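Going by mature numbering (1 follows the signal peptide of the UniProt record, and there is no 0), the letters in the sequence shown line up with residues -21 to -1, 1 to 206, in that order.
Report on one structure; see the data block that follows.
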Amino acid sequence: MLRKRYLTLLALLFGSCLSHASVTLSNTRVVYNADKKESNVNVRNNTASPFLVQSWVQGNDTQGTKAPFIVTPPLFRLDGGKANALRIIYNGGALPQDRESLFWLNVKSIPSSSREDVNKLQIAVNTRIKLFYRPANLADETRDIGKNVQWSVKNNELLVSNKSSYYISFAEVKINNKKWTEIDMLAPKTSKALKLNNAQLKNNATVQWKYINDYGGNSPLITQKIE
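Here it is in structure tokens:
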């Protein structure tokens, strides 16, 4: 019985890895510029078998709130070795115009099945990537992100302040050359307080960090003193 359960678990894990690599997206994130009519993401089937692809956008919360976007086509068959473009269209819902808003694009790939596949494990895989709605004429540029982030210490807490209009996804953070993983993303015009220890605060602590840019790559290294 234990052996059977172990083999089943292995099959699930292996199947999941294969399915995840079967249908891929051209982007790791989407920036929807408000002055454009739509944004596009390409979906590719890297196998010889067809998949059913279902796509939708949801809000940035645990309830999966409906988002003011439609994805077309929302459901389609993607044959082996083929690609198709998803069109993401903003339908005019009220959103802040002085900062970015965050949503999630979901792309679920569902493998085809037949009578011969009745005893085979079939796994549907949902890929989620960030979708940033970026209003036109924001007060600052993406190139200003580095100088619009401030790091300070108060009551043994590190306060990270994002004064920019953009979401910041941290690719790497080091304090006094030691990797620090307590923060991964910071919303625009917000701050976050995080606990520090004495070792991290000594010798005029320096923070070095990179953020993920619009294309999914890392920014140049930014070095700042913690005030």
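Ideal Cβ positions, reconstructed from N, Cα and C, are used throughout, including at glycine.
Here the structure is a predicted model, which is why all the values come from computation and not from measurement.
Beta-carbon proximity check, residue i vs residue j, cutoff 8 angstroms
i, j, result
"V186", "K153", "yes"
"S131", "E206", "yes"
"P167", "R107", "no"
"V50", "W83", "no"
"N116", "L81", "no"
Inter-residue spacing [alpha-carbon to alpha-carbon] between residue i and residue j
i, j, result
"N65", "E136", "According to the sequence displayed, residue 65 carries Leu and not Asn. Between L65 and E136, the C-alpha separation is close to 44 angstroms."
"V86", "L138", "35 angstroms"
"Y145", "S92", "43 angstroms"
"P199", "I102", "39 angstroms"
"I67", "S140", "31 angstroms"
"residue 211", "W188", "Since the displayed the chain opens at -21 and closes at 206, residue 211 lies outside it and no answer follows."
"K15", "K45", "21 angstroms"
"K109", "P90", "24 angstroms"
Local conformation of residue i per DSSP, three classes
i, result
"R122", "helix"
"N197", "strand"
"S91", "coil"
"S144", "coil"
"S18", "strand"
Best match in the options for proximity to residue i [C-alpha to C-alpha]
i, options, result
"P47", "N192, F111 and S144", "F111"
"A62", "T41, S28 and D77", "S28"
"N192", "Q33, L173, L175 and I147", "I147"
"S143", "E120, G43, N12 and W35", "E120"
"T3", "R23, P53, N19 and N134", "R23"
"V32", "R56, S1 and N25", "R56"
"N134", "F30, N21 and A172", "A172"
"Y69", "G195, S1, N6 and P114", "P114"
Unbroken beta strand (DSSP E) run spanning residue i, endpoints
i, result
"S140", "E136 to N141"
"W188", "T185 to Y190"
"N127", "Careful: N127 lies outside any beta strand (DSSP E) and carries neither H nor E."
"T169", "T169 to K174"
"A64", "A62 to Y69"
"W35", "F30 to G38"
"R56", "L54 to L57"
"K109", "V104 to R113"
"R78", "Counting along the chain, R78 falls outside any beta strand (DSSP E), and DSSP gives it neither H nor E."
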